[in-house]
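J.: Next up is a structure, given as C-alpha cells.
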Amino acid sequence: MNLAPMLLMFAVFYFLLIRPQQKKAKMHREMLANLKRGDKIITNGGMLGTVTGLTDRYLTIEVAEKIRLRVLRSHVLGKQAEVDGEEQK
Numbered sequence: 323m324n325l326a327p328m329l330l331m332f333a334v335f336y337f338l339l340i341r342p343q344q345k346k347a348k349m350h351r352e353m354l355a356n357l358k359r360g361d362k363i364i365t366n367g368g369m370l371g372t373v374t375g376l377t378d379r380y381l382t383i384e385v386a387e388k389i390r391l392r393v394l395r396s397h398v399l400g401k402q403a404e405v406d407g408e409e410q411k
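Using my numbering, the first residue of the sequence shown is number 323, and each one after it goes up by one.
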C-alpha cells in the first residue's frame with residue numbers, strides 16, 4: 323500500500339521532467355549528425371557562422387570573410403534559423 327504513492331510520484335516525475343528532456347537531447351543529437359557545409363549555426367557562446375568543414379568531433383565555421391574557427395560539435399546550439407524562430411514565438 324505504501325509503495326503505490328511512490329510509484330505514482332515517480333511516473334509523474336518521469337513523464338513531466340525526464341521524458342521531455344530525453345526527446346530534446348535526441349533532437350539535438352540528430353541535428354548535429356545532419357549538419358552539412360553551408361548550414362548557418364550558432365554556438366553555445368553566441369558565435370554565428372557558416373559551416374565550412376566537418377569532422378567527427380569538430381566543425382570549422384566561417385564567422386567573417388576568410389576568418390574561420392574550429393569548434394566542437396557539442397558546442398553547437400543549433401541552426402541559426404531554428405534558434406531565431408524559437409525566439410520569435
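Just so you know, even glycine gets a beta-carbon here, dropped at the ideal spot from N, CA and C.
Note down, in chain order, each residue of its chain lying with its Cβ closer than 7 Å to the Cβ of Arg392, except the 5 sequence neighbours on either side.
T.: Cβ neighbours of Arg392 beyond the five flanking positions: Tyr380, Thr382.
J.: To which residues of the same chain is His397 closer than 8 Å at the C-beta, ignoring the five residues directly before and after it?
T.: These residues qualify, in order along the chain: Thr365, Asn366, Gly367.
J.: Compute the beta-carbon to beta-carbon distance between Lys401 and Asp361, rounded to the nearest angstrom, for a pair I have assumed lies under 8 Å.
T.: 6 Å between Cβ atoms; contact.
J.: Do the CB positions of Arg359 and Thr377 come within less than 9 Å of each other?
T.: No, the pair does not count as a contact, with Cβ atoms beyond the cut-off.
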